[in-house]
Structures are given as C-alpha cells and as structure tokens.
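Notes to accompany the following structure.
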Amino acid sequence: MKTTVMVTSRGVITLPAKLRQALGLKADDILIAETTPEGLLLRPSVTLPVEIYSDERVREFDEGEAELKKVLDRKKKKAAR
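In terms of our numbering, the numbers along the sequence shown are unbroken and rise by one, the last being 89.
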C-alpha cells in the first residue's frame, strides 16, 4: 500500500486509517523511524512486558535453582564413578 502523508510544523505525521488498519496499528503504538538509502522507514517497535518480581516469586526462583543444583551435583557424582 502506498500513500502520501504530510508533516506538520510540529513534525507530526498522520497515518491514514486504512494504512493503520492494514498494519494493525492502534493508538499509542510505538514505531521506530529509521533513515535508509531510499528515505524514511517506519516499523513497529517490539515491546516486551516487564514483570516485577515479588519476594515470593524470587524465592520460587531460588528454590528452583537450588533443586537444579542438587540434580546436577548428583549427575556429576554418577559421571565421576
């Protein structure tokens, strides 16, 4: 799809609704603007959710690591025989 857009005096570009729909863009989506030899490339930015770990969740990780260490230690002992 090809379209013409205008840059306002504040540097704002409005993407036509059909273009936004075709690309699955929604309000507040973040785009990466990049210069290329052909001109300007706009592409969606990948944002990953951030998980804030509670003390309980950190303990779960610690317990999992401790269990993994036990398993690895047992395997090392078996391999050393």
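The beta carbon of each residue, even a glycine, is placed where N, CA and C say it ideally should be.
CA-to-CA distance, residue j to residue i, given in whole angstroms
i, j, result
"Thr16", "Ser53", "23 Å"
"Leu33", "Thr55", "14 Å"
"Gly19", "Thr12", "15 Å"
"Val79", "Val58", "30 Å"
Within-8 Å CB hit, residue i to chain D
i, result
"Val66", "This model lacks chain D altogether; it includes just one protein chain."
Which listed residue (the options) has its alpha carbon closest to that of residue i
i, options, result
"Arg28", "Glu42, Lys85, Leu50 and Ala88", "Leu50"
Checklist line | Whole runs of the beta strand (DSSP E) within the region 9-57, excluding any shorter than 3 residues | finding: Correct list: 39-44 and 47-52.
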